[in-house]
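Below is one structure, written out as structure tokens, with a few remarks after it.
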Amino acid sequence: MTFSSLLTDPVHSDCKSGKKTFSVTVDETLILFQITYIANGSCRKADWWLSFDRRGWSKCPARFPYINGLYRSNTSQPRRDTINLLEEAKCCRNGNQAKAKCVKANW
Numbered sequence: 259m260t261f262s263s264l265l266t267d268p269v270h271s272d273c274k275s276g277k278k279t280f281s282v283t284v285d286e287t288l289i290l291f292q293i294t295y296i297a298n299g300s301c302r303k304a305d306w307w308l309s310f311d312r313r314g315w316s317k318c319p320a321r322f323p324y325i326n327g328l329y330r331s332n333t334s335q336p337r338r339d340t341i342n343l344l345e346e347a348k349c350c351r352n353g354n355q356a357k358a359k360c361v362k363a364n365w
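Position one of the sequence shown corresponds to residue 259 (this note's numbering), numbered consecutively onward.
This is the structure:
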């Protein structure tokens, strides 16, 4: 699936308003991220050091629901870019109060 097809795919049509959708393939695992434009919004770091290393959801706090960035831990092997290096998220409020509905897609 290409970046352009992600933007036109009907599964993602509810999530396009004011947002950009990105995909990353890591060890045959497709991860979709929505990077939200934050206008005058405040942000907090979400600690996913433990939750991202096991099965299930890693979430932003309810008051800061939009992911605006990811933090990765350092590795001594620069070419090893695996999902387990993602440790924290930058979670933000939506400063412009735009509404969006996102769904879990089963591909």
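Heads up, the beta-carbon is just placed ideally off N, CA and C, and yes, glycines get one too.
Burial state of residue i (16 or more Cβ within 10 Å)
i: ALA304; result: buried
i: ASN332; result: exposed
i: LEU308; result: exposed
Contact under 8 Å by Cβ, residue i with residue j
i: VAL346; j: TYR329; result: Going by the sequence as given, residue 346 is Glu instead of Val. Yes.
Three-state secondary structure (DSSP) of residue i
i: ASN332; result: coil
i: VAL361; result: coil
i: LEU344; result: strand
i: ASP311; result: helix
Length of the line joining the Cα atoms of residue i and residue j
i: PRO319; j: PHE310; result: 15 Å
i: SER316; j: ARG302; result: 15 Å
i: GLY327; j: ILE341; result: 14 Å
i: TRP306; j: TRP365; result: 25 Å
i: CYS349; j: PHE322; result: 5 Å
i: ARG338; j: LEU344; result: 12 Å
i: ARG351; j: LYS362; result: 21 Å
i: SER300; j: GLN335; result: 34 Å
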